[in-house]
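In the working numbering, the protein residues as written are 363 to 630.
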């Protein structure tokens, strides 16, 4: 508890030290300054993507990224306003200034690096092809003639769709949950999903013969904000550094993923 209080004092001191710098520079559109003056931080979240974002048994927003958003607001001493976003509009919401920060499992890949600013990554995800063991998928060529369900508007769908062989049929679904459901109902032969989602399903339904057959791609993800926000980026990276040091990030990862935080993530 002492470490938590000390970490929060450091973060609040950092925020306070950054505001005068912003005022002297008179930088237009300074998001950190605006948030502190308004007393609220707007965080975009993706609530159709458990375990990163979803709802608890009482219908309240929940998930690893939601927990991180709450930690951010707590350490800033600000009220949290969660902005619910669909997967396909995460980057657009930042660019259109509908939110201040994204905590929505946004992957650190080339197409997004050029449009938004990322913090140090705090998680990792893999896109996998899930199918009954009898299919025995050895390569993407084995998908020819198969119905492949994938969640529309996601990077998982982008990765999979670009690599589908001729003769395969892409079935776009409205959510991650619906993608796996289409496989369970026999509407699809293969599902494009994330490793953690498939693992969670198999923990609940050990009787299901659905296996991860191929890993298409793995990437890290992090918090994101608009380009040209050095004050806010410094604050966010300091938050991640201190909360990694005191075990808060590891606790969040264990709570929602049932695993240790991935190795190789460096908080600066």
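Yeah, the Cβ is synthetic: ideal placement off N, Cα and C, and Gly gets one too.
From residue i to residue j, what does the alpha carbon distance come to, in whole angstroms?
| i | j | result |
| --- | --- | --- |
| residue 464 | residue 575 | 31 Å |
| residue 628 | residue 507 | 42 Å |
| residue 593 | residue 392 | 8 Å |
| residue 419 | residue 458 | 32 Å |
| residue 595 | residue 535 | 34 Å |
| residue 352 | residue 502 | Because the chain spans 363 through 630 in this model, residue 352 falls outside it and cannot be assessed. |
| residue 527 | residue 412 | 29 Å |
| residue 511 | residue 586 | 28 Å |
| residue 517 | residue 416 | 18 Å |
| residue 539 | residue 402 | 32 Å |
| residue 425 | residue 549 | 28 Å |
| residue 603 | residue 561 | 29 Å |
| residue 530 | residue 557 | 22 Å |
| residue 625 | residue 437 | 25 Å |
| residue 617 | residue 559 | 14 Å |
| residue 500 | residue 620 | 29 Å |
| residue 622 | residue 495 | 28 Å |
| residue 414 | residue 431 | 11 Å |
| residue 523 | residue 472 | 18 Å |
| residue 520 | residue 533 | 13 Å |
| residue 555 | residue 443 | 29 Å |
| residue 427 | residue 505 | 33 Å |
| residue 647 | residue 573 | Absent from the structure is residue 647, since the part of the chain shown begins at 363 and ends at 630. |
| residue 569 | residue 607 | 39 Å |
| residue 400 | residue 394 | 10 Å |
Among all the DSSP beta bridges, which residues are the ones paired with residue i?
| i | result |
| --- | --- |
| residue 573 | 493 |
| residue 416 | 424 |
| residue 469 | 583 |
| residue 445 | 406 |
Measure the beta-carbon distance from residue i to residue j and round it to whole angstroms, keeping in mind my assumption that it falls under 8 Å.
| i | j | result |
| --- | --- | --- |
| residue 460 | residue 445 | 6 Å |
| residue 440 | residue 397 | 6 Å |
| residue 408 | residue 477 | With 8 Å as the limit, residue 408 and residue 477 do not qualify as a contact, their Cβ atoms being about 17 Å apart. |
Would you call the CB atoms of residue i and residue j closer than 7 Å?
| i | j | result |
| --- | --- | --- |
| residue 611 | residue 605 | yes |
| residue 487 | residue 577 | no |
| residue 513 | residue 541 | yes |
| residue 614 | residue 435 | no |
| residue 410 | residue 537 | yes |
| residue 591 | residue 456 | no |
| residue 404 | residue 462 | yes |
| residue 447 | residue 406 | yes |
| residue 492 | residue 553 | yes |
| residue 609 | residue 515 | no |
| residue 509 | residue 571 | no |
Answer yes or no: does any C-beta atom of chain D fall closer than 7 Å to that of residue i?
| i | result |
| --- | --- |
| residue 611 | Judged by its chain identifiers, the structure shown contains no chain D, having just a single protein chain. |
Pair every Cβ in the segment 469–485 with every Cβ in the segment 571–586, then say whether three or more of these pairs are closer than 8 Å.
-> The segment 469–485 is in contact with the segment 571–586.
Between the segment 468–477 and the segment 562–574, do at least 3 Cβ pairs fall closer than 8 Å?
-> No contact exists between the segment 468–477 and the segment 562–574.
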